[in-house]
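A short worksheet on the structure shown next.
Number of protein chains: 2
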Amino acid sequence: MKKNVLIIGAGGVAQVVAHKCAQHADVLGDLHIASRTVSKCDDIIASVRAKGHDCAFTAHGVDATKSAEVAQLIRDTGVQIVINVGTAFVNMHVLDACIETGVAYIDTAIHEEPDKICETPPWYANYEWKRREACAEKGVTAILGAGFDPGVVNAYARFAIDQMDEVKSIDIVDINAGSHGKYFATNFDPEINFREFTGVVYYWEDQQWKETTMFASGHEWDLPVVGPSKAYQSGHDEVHSLATNYPQADVRFWMGFGDHYINVFTVLKNIGLLSEQPVKMADGGEVVPLKVVKACLPDPASLAPEYTGKTCIGDLVKGTKDGEEVELFVYNVADHKDAYEEVGSQGISYTAGVPPVAAAMLVASGEWDAKAMKNVEELDPKPFFTLLDRIGLPTRVLKGGLKGEDMAWTDL
Amino acid sequence: MKKNVLIIGAGGVAQVVAHKCAQHADVLGDLHIASRTVSKCDDIIASVRAKGHDCAFTAHGVDATKSAEVAQLIRDTGVQIVINVGTAFVNMHVLDACIETGVAYIDTAIHEEPDKICETPPWYANYEWKRREACAEKGVTAILGAGFDPGVVNAYARFAIDQMDEVKSIDIVDINAGSHGKYFATNFDPEINFREFTGVVYYWEDQQWKETTMFASGHEWDLPVVGPSKAYQSGHDEVHSLATNYPQADVRFWMGFGDHYINVFTVLKNIGLLSEQPVKMADGGEVVPLKVVKACLPDPASLAPEYTGKTCIGDLVKGTKDGEEVELFVYNVADHKDAYEEVGSQGISYTAGVPPVAAAMLVASGEWDAKAMKNVEELDPKPFFTLLDRIGLPTRVLKGGLKGEDMAWTDL
Chain A
1 MKKNVLIIGA
11 GGVAQVVAHK
21 CAQHADVLGD
31 LHIASRTVSK
41 CDDIIASVRA
51 KGHDCAFTAH
61 GVDATKSAEV
71 AQLIRDTGVQ
81 IVINVGTAFV
91 NMHVLDACIE
101 TGVAYIDTAI
111 HEEPDKICET
121 PPWYANYEWK
131 RREACAEKGV
141 TAILGAGFDP
151 GVVNAYARFA
161 IDQMDEVKSI
171 DIVDINAGSH
181 GKYFATNFDP
191 EINFREFTGV
201 VYYWEDQQWK
211 ETTMFASGHE
221 WDLPVVGPSK
231 AYQSGHDEVH
241 SLATNYPQAD
251 VRFWMGFGDH
261 YINVFTVLKN
271 IGLLSEQPVK
281 MADGGEVVPL
291 KVVKACLPDP
301 ASLAPEYTGK
311 TCIGDLVKGT
321 KDGEEVELFV
331 YNVADHKDAY
341 EEVGSQGISY
351 TAGVPPVAAA
361 MLVASGEWDA
371 KAMKNVEELD
381 PKPFFTLLDR
391 IGLPTRVLKG
401 GLKGEDMAWT
411 DL
Chain B
1 MKKNVLIIGA
11 GGVAQVVAHK
21 CAQHADVLGD
31 LHIASRTVSK
41 CDDIIASVRA
51 KGHDCAFTAH
61 GVDATKSAEV
71 AQLIRDTGVQ
81 IVINVGTAFV
91 NMHVLDACIE
101 TGVAYIDTAI
111 HEEPDKICET
121 PPWYANYEWK
131 RREACAEKGV
141 TAILGAGFDP
151 GVVNAYARFA
161 IDQMDEVKSI
171 DIVDINAGSH
181 GKYFATNFDP
191 EINFREFTGV
201 VYYWEDQQWK
211 ETTMFASGHE
221 WDLPVVGPSK
231 AYQSGHDEVH
241 SLATNYPQAD
251 VRFWMGFGDH
261 YINVFTVLKN
271 IGLLSEQPVK
281 MADGGEVVPL
291 KVVKACLPDP
301 ASLAPEYTGK
311 TCIGDLVKGT
321 KDGEEVELFV
331 YNVADHKDAY
341 EEVGSQGISY
351 TAGVPPVAAA
361 MLVASGEWDA
371 KAMKNVEELD
381 PKPFFTLLDR
391 IGLPTRVLKG
401 GLKGEDMAWT
411 DL
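Protein chains in written order, with UniProt numbering: chain A, 1 to 412; chain B, 1 to 412.
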């Protein structure tokens, strides 16, 4: 049984994590939040207080790229669980601090280095999985990629596969059918958002890594609630762990994009404005174009008040059971406006921020306190779904595939 | 009779000016070229030498935003004619230096201040025309906007109007039907190029200034050689002087754009990447987005070797003669590849760079040595056309309008 939580980061997802932790402070204990800019943490705590939560919640300043600084903060606060929702560039530093101090670590996205994109698959092997032995030796629970995608969709895959004798394919589909009313905006940090799409798209088919490029492979998916939606194969973290854990299955990730998004992305990319490498300006100064694009785009957190519509994210898993072909689509539908009303954030931040809190509650209760490094599909999905049903992200299933019978996962 | 020429600037247009001056050093005397970066001047002189010209040609460093520095250089070199093809931000400083030293001034574009776009019409009244009296008092010849457009097109208007009793409308159409083979590029400094299109589009109709926005008013023009081409009303310098000199005529400027250009422009503009105002980045630093876009786009000079196709720029002038409605289309067709072979530049730089050299030759010969400030339509077009015919930009006429009989201007 672990308690007391340190949240690293103070962006849109951290806001959701903070609110959800505060709603469940009875389980999670004292709360702390730390980021380079303490005032952002103060703002988040103020928004939590405004909802009437009076739990212990303290803001701290920390440079999370410095492992020793994070470790000191863990010792000073006495937390036993760290939820890392800072930029993906800090993951390894925060993980190392957790290993050093022996506390549980939870994150929602893979580690990245600022000057590299789309490294060799499987991505986890380049960074996080190198700490597997260290976690096992010290009995440290580290849950990797416990947001929605990666995270909940890994649990969806595991749940579906558990119903089958053999799995043949896992297609993860992420459709945001919401509207923010701006000419163009990204739903989370543009720098991380675009980095996902500017390099090679890796997927796993025929028991090997294959490559395509962004927007080269598209498919129209007819999903519940949001209806027919065009989605394109994209590189995504969960493909890299699922392909490693289920090498017999094809594993693909599909992200929904409208024509307008693709056009804007294509223009920016072709001109070189999405580059993470600095360019030299006429006055001799250097600047990273992607950081300038980020400065010009709306702050993703600012989209929340006007965001309307729904998201549908799920896994279409195909396999066999008792010699028959079977298909399951395991999914969730979330609503942008509901998310804003509950925690002051848009739906994308909400779906990313609620699951790591559920994971933290399962670590606190001992159900997911694995004392080892785990990707989400390596943990029992049922207590996770039970908790998500209760705290805002209910799991549903279409039995027989996308045209199948709609039911709660508990009715399957 | 004046001689010895100082070229200010070392970009793509300056390269053409330098080559053309060297070809006519017998008329123009000793040549000098000055820019902030002397090595660019050296490169231009080297390219002139490579064509076998052995005239006196000297490179100098100058900060042309400092009038006193330019004046000193004029005195030191003993030049009597300055051709200013530096950035539009330096015009007034160079003009003041010419007035102070009593030498002739020629430029190709209107003065601009870095932090302002599309000021109140007529644009010339905000800057250059404020020096009219000073020029008259000191007997200084200042020829404003003597590139192609503005410049040659002003002379086209004057020539056509001289054939009529009354002018009713002047539509200037600029079509570049060439191809540079890049995803996207501007034909001259992107910073100046985009600034033309991001603000209000002013035009003159019914004896008053009217406003529209870029790409709001389009028309397909069926021009000689390049064929039917879509062009859009754009703000342009020459509208502002022609409307002042011929207030009874409607005056409009039309720039040809393909759908691809418009799409790229629209995306960049809507995101805010064409802004001349600084934005704040996540690290606290400030940067002007337009300068970053410029850094990402190809250097216009680099387009020259691969540029193919032709430009057609001309004036459709409508009026009456002896009580009959008459139309003339006065135009030039230039070829990108021919320009590159002759002077190492693409056609847009060529059409902009040849006319100010013709103007300088007319100042040298005395024909255009007006000892006052003049826009090009205020000068006799015939010696200008005669010279342009000879040095690379022949003038042709369609008598009766766009579907009329094609002839040399001398045959009209």
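Glycine included, C-beta positions come from ideal geometry on N, C-alpha and C.
All values derive from a computational prediction rather than experimental measurement.
Rounded to the nearest whole angstrom, the C-alpha separation of Gly256(A) and Asn176(A) is 7 Å.
The beta carbon of Val293(B) falls within 9 Å of a beta carbon belonging to chain A, placing the residue at that interface. In the three-state scheme derived from DSSP, where H, G and I count as helix and E and B as strand, Leu28(A) is classed as helix. For Asp283(B), a Cβ of chain A is located within less than 9 Å of the residue's own Cβ. For Pro300(B), not one C-beta of chain A is nearer than 9 Å to its own C-beta. For the options Leu223(B), Gly235(B) and Trp409(B), the alpha carbon positioned closest to that of Ser217(B) is the one of Gly235(B). In this structure Thr410(A) is exposed. Its beta-carbon is surrounded by fewer than 16 other beta-carbon atoms within 10 angstroms. At a cut-off of 9 Å between beta carbons, Gly86(A) makes no contact with chain B. In this structure, Tyr203(B) lies near Arg252(B), with their beta-carbon atoms less than 9 Å apart. The C-beta of Gly29(A) comes no closer than 9 Å to any C-beta of chain B. DSSP places His180(B) in no beta strand (DSSP E); its state is neither H nor E. Per DSSP, the continuous alpha helix (DSSP H) segment holding Ala364(B) begins and ends at Gly347 to Ser365. Beta bridge pairing from DSSP links Val82(A) with Leu6(A) and Tyr105(A). Residue burial is scored here from C-beta neighbours: Gln80(B) has at least 16 other C-beta atoms within 10 angstroms and is therefore classed as buried.
For the UniProt domain "Saccharopine dehydrogenase NADP binding" (5-143) of chain B, there are no residues whose beta carbon sits under 8 Å from a beta carbon of chain A. In the DSSP assignment, Thr266(B) falls outside any beta strand (DSSP E) and lies within the alpha helix (DSSP H) extending over Asp259 to Ile271. The alpha carbon of Gln208(A) has as its nearest neighbour, out of Gln15(A), Asp338(A), Val103(A) and His240(A), the alpha carbon of His240(A). Within the stretch 181-208 of chain B, the residues whose Cβ lies closer than 7 Å to any Cβ of chain A are, in chain order, Tyr183 and Phe184. In this structure, the alpha-carbon of Phe89(A) lies about 8 Å from that of Thr65(A).
In terms of Cβ geometry, Tyr340(A) and Ala304(A) form a close pair [threshold 9 Å]. For a cut-off of 8 Å, the C-beta gap from Val264(A) to Val17(B) is around 39 Å, too long to register as a contact. Of all alpha-carbon atoms in Lys318(B), Lys374(B), Gly347(B) and Thr198(B), the one lying nearest the alpha-carbon of Glu119(B) is that of Thr198(B).
Here the alpha carbon of Glu367(B) sits roughly 20 Å from the alpha carbon of Asp30(B).
With the criterion set as a beta carbon lying under 8 Å from some beta carbon of chain B, the stretch 310-324 of chain A has no members that meet it.
Taking 3 residues as the shortest admissible run, the stretch 285-347 of chain B contains the following complete beta strand (DSSP E) segments, listed from N- to C-terminal end: 310-321 and 324-335. Cβ proximity to chain A below 8 Å picks out Asn263, Val264, Val267, Leu268, Asn270, Ile271 and Gly272 from the stretch 258-272 of chain B.
By the rule that beta-carbons nearer than 9 Å mark a contact, Val279(A) touches chain B. At a Cβ-Cβ threshold of 9 Å, Ala97(A) and Ser67(A) count as neighbours. Within the model, the alpha-carbon separation for Glu191(B) versus Leu412(B) is close to 40 Å.
Using a C-beta cut-off of 8 Å, the stretch 375-386 of chain A makes contact with the stretch 140-159 of chain A, since at least three inter-stretch Cβ pairs fall below that distance. Boundaries of the beta strand (DSSP E) around Arg396(A): Arg396 to Lys399.
Secondary structure note for His53(B): it is in no alpha helix (DSSP H), with a DSSP letter that is neither H nor E. Between the alpha carbons of Ala25(B) and Ser275(A) lies a distance of about 47 Å.
Residues of the stretch 359-384 of chain A whose Cβ lies closer than 8 Å to any Cβ of chain B: none. Within chain B, the C-beta atoms nearer than 9 Å to that of Val287(A) come from Met281, Gly285, Val287, Lys291, Val292 and Ala295, in chain order.
Among the residues facing chain B, Ser275(A) is included, as its CB has a counterpart in that chain under 9 Å away.
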